[in-house]
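If you want the numbering used here, it's the 1-based position in the sequence shown plus 881. Ideal Cβ positions, reconstructed from N, Cα and C, are used throughout, including at glycine. Quick caveat, the model's predicted, so the values are computed rather than measured.
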Amino acid sequence: MSQRGLPFEAEGYGAAMTPSTAKPTTPRQADAARTEPKPETLSLFEREMRDQVAAARDAVTEAERRNDPLLVQAAQSHLDGLLDLARRNGVTA
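What follows is the structure in structure tokens.
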């Protein structure tokens, strides 16, 4: 028991908090820590996510070509949402 009567050892807690077990704290650090996987190791989700992002980028390009501000805004918003989802799930798109 600890000094406060808690059922854990101080050294176990201290070991859990060592820098060797720390994970990157910012998205940029997390992105830098990742490596690009080989295509054959990509999961179905990762392949689908990349396909979705590519299609959304094409939609933004087409909307800009048509010079329609509302369509550009909608397409860009959709792309931003997909990129955010990919980032949160560890997929580089």
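#1: Give a yes or no on whether the C-beta atoms belonging to Leu963 and Gln933 are separated by under 8 Å.
#2: Roughly how many angstroms separate the alpha carbons of Glu943 and Leu925, rounded to a whole number?
#3: Rounded to the nearest angstrom, what separates Gly971 and Leu960 at their Cα positions?
#4: What number of angstroms, rounded off, separates the C-alpha of Arg947 from the C-alpha of Ser958?
#5: Taking the alpha helix (DSSP H) that Leu925 belongs to, which residues open and close that run?
#6: Go through its chain and collect everything with a Cβ distance to Ala940's Cβ below 8 Å, but skip five positions before and after it.
#7: Enumerate in chain order the residues of its own chain whose CB-to-CB distance from Ala974 is below 7 Å, with the five nearest sequence positions on each side excluded.
#8: Going by DSSP in three states, Gly962 sits in which element: helix, strand or coil?
#9: Leaving aside the five residues before and after Arg938 along the sequence, list all residues of the same chain whose C-beta is less than 7 Å from its C-beta, in chain order.
For this structure:
#1: yes
#2: 27 Å
#3: 16 Å
#4: 17 Å
#5: 925-947
#6: Ala956, His959, Leu960
#7: Met930, Arg931, Val934, Leu964, Ala967
#8: helix
#9: Leu960
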